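In my numbering, the protein residues as written are 3 to 396.
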């Protein structure tokens, strides 16, 4: 006896619906906090307890959807498909075509790397073939944050300074600061920024080379280019934070691979880039390689400094209690790496009221710790330093 085509279609539809439901249930079970910590890196902007709350909600929705598809509506959906297979196929084809057509549309929309999504944000940046982007030089930008206007003055070399017409003197003894928005002084006046406060405390000129959105390898590449310009570098202070490690895994910008090999940006489909922006999942192999390359990059920064006779220092600021995932990541990157580390614990409340960057009090505490470490290591044993008298108290 021949099997009716409608029965075959209904069975296939049931299997497909049940498979989707089982996949959703499996995903809800697998995506526990341990799995999330392995595949989703600590976030600078999203505290972990918020992140876990969102993830818990998504897991619950996945579980309910999976249960509903598998046990409650599987047969009903299959019957609907069996009664109108042509219509069901048409819906599927339309969905695929809609996704396909969205790709060329998205290609006309500017979608930069995650760390540079807003091109008009101050301080302004411009594309750079080797680094990805740098600050627009020789200008002063103005940013209104928390009810006050902050000036970002950039000298002709692209360094943040007090005034754009007062460039860094590369012939003077200088403490060089490299990093991203924390080191740059996001939301802070020049006088409140970490480099400026170290300069005030020590009497040694500071050069702020930080660029918003930079990953650790971009910091290394910038130092590689800029450090030779300084005739008397005293120290090189860079930064590592577990909450910013996810940037190091972004290949959609110039980046470094194993062996500090420069690699061009990876060009993905725009749909994939958008999906990764919304759901920043990383495979364990990608994370492990990112950790290894980050360790290599930090050692490279230290070697660049020492080759110029400067004292290297890797700053690791920590706001509030360190989460277990941050601790594990920090240890994997820094333990037994051979790089000189300065950990500075900061009160969790010492952040700007409108975002999570350090406020002036936090910046001062960090600057004081840096100045103390450099003094203890006699890195500041220069004519300028000898003119500074009295102990430094936090």
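Glycine included, each C-beta is placed from N, C-alpha and C at the ideal position.
As the structure is a prediction and not an experimental result, all values here were calculated from the model.
| Asked | Found |
| --- | --- |
| If you drop the 5 nearest sequence neighbours on each side, which residues of the same chain put their C-beta closer than 6 Å to that of residue 243? | none |
| Quick check: the stretch 358-368 against the stretch 324-335, are there 3 or more CB pairs under 8 Å? | no |
| Using the Cα positions of residue 117 and residue 202, report the straight-line distance between them to the nearest angstrom. | 31 Å |
| Please list, in chain order, all residues of the same chain as residue 387 whose beta carbon is under 7 Å from its beta carbon, the five residues on each side excluded. | Because the pLDDT of residue 387 is 42, which lies under 50, any placement of that residue in the model is unreliable, and the question is left without a value. |
| Between which two residues does the beta strand (DSSP E) carrying residue 236 extend? | 234-241 |
| In chain order, which continuous runs of the beta strand (DSSP E) of length 3 or greater are located wholly inside the stretch 347-387? | none |
| What's the gap between the Cα of residue 81 and the Cα of residue 19? | 11 Å |
| Let me check understanding here. Comparing Cα to Cα, which of 280, 338, 291 and 378 lies closest to residue 48? | 280 |
| Could I get the ranges of all uninterrupted alpha helix (DSSP H) runs contained in the stretch 120-166, with 4 residues as the minimum, in chain order? | none |
| Indicate the three-state DSSP secondary structure (helix, strand or coil) for residue 41 in the structure shown. | helix |
| Mapping the DSSP letters down to three states, classify residue 281 as helix, strand or coil. | coil |
| Where does residue 34 land, buried or exposed, given buried means 16+ other C-beta within 10 angstroms? | exposed |
| Report yes if the CB atom of residue 296 is closer than 9 Å to the CB atom of residue 268, and no otherwise. | no |
| In the DSSP assignment, find the unbroken beta strand (DSSP E) run with residue 177 in it and report its ends. | 175-179 |
| By Cβ distance, which residues of its chain are closer than 8 Å to residue 353, with the 5 residues on each side in sequence left out? | 321, 359, 360, 361 and 364 |
| Counting pairs of Cβ atoms below 8 Å between the stretch 336-350 and the stretch 255-268, do you hit three or more? | no |
| Specify, as a first and last residue, the run of the alpha helix (DSSP H) that residue 304 falls within. | 286-309 |
| Going straight from the alpha carbon of residue 142 to that of residue 166, what length do you get? | 6 Å |
| Name the two residues that bound the continuous alpha helix (DSSP H) containing residue 197. | 196-204 |
| Pick helix, strand or coil for residue 24, following the three-state DSSP scheme. | helix |
| Where does residue 338 fall in DSSP's three states? | coil |
| Measure the CB-CB distance between residue 235 and residue 310 and report whether it falls below 9 Å. | yes |
| So what does DSSP say about residue 33, is it helix, strand or coil? | coil |
| With 16 as the cutoff for other CB atoms within 10 Å, does residue 292 come out buried or exposed? | buried |
| Between the Cα of residue 29 and the Cα atoms of 21, 64 and 42, which residue gives the shortest distance? | 64 |
| From which residue to which residue does the alpha helix (DSSP H) around residue 214 run? | From DSSP, residue 214 is part of no alpha helix (DSSP H); its letter is neither H nor E. |
| Quick one: is residue 46 buried, meaning 16 or more other Cβ sit within 10 Å of its Cβ, or exposed? | buried |
| Is the beta carbon of residue 239 closer than 9 Å to that of residue 190? | no |
| Quick one: Cα of residue 161 to Cα of residue 26, how far? | 50 Å |
| Apply the 10 Å Cβ neighbour rule to residue 395 and answer buried if 16 or more other Cβ atoms are within range, or exposed otherwise. | In this prediction, residue 395 has a pLDDT of 33, which is less than 50 and means its spatial position is unreliable; what the coordinates show is noted afterwards. Exposed, by the Cβ-count rule. |
| Looking only at its chain, what residues have a beta carbon closer than 6 Å to the beta carbon of residue 222, apart from the 5 residues adjacent to it on each side? | 299, 302 and 303 |
| Which same chain residues end up closer than 6 Å to residue 50 when comparing Cβ atoms and leaving out the 5 residues on each side of it in sequence? | 325 |
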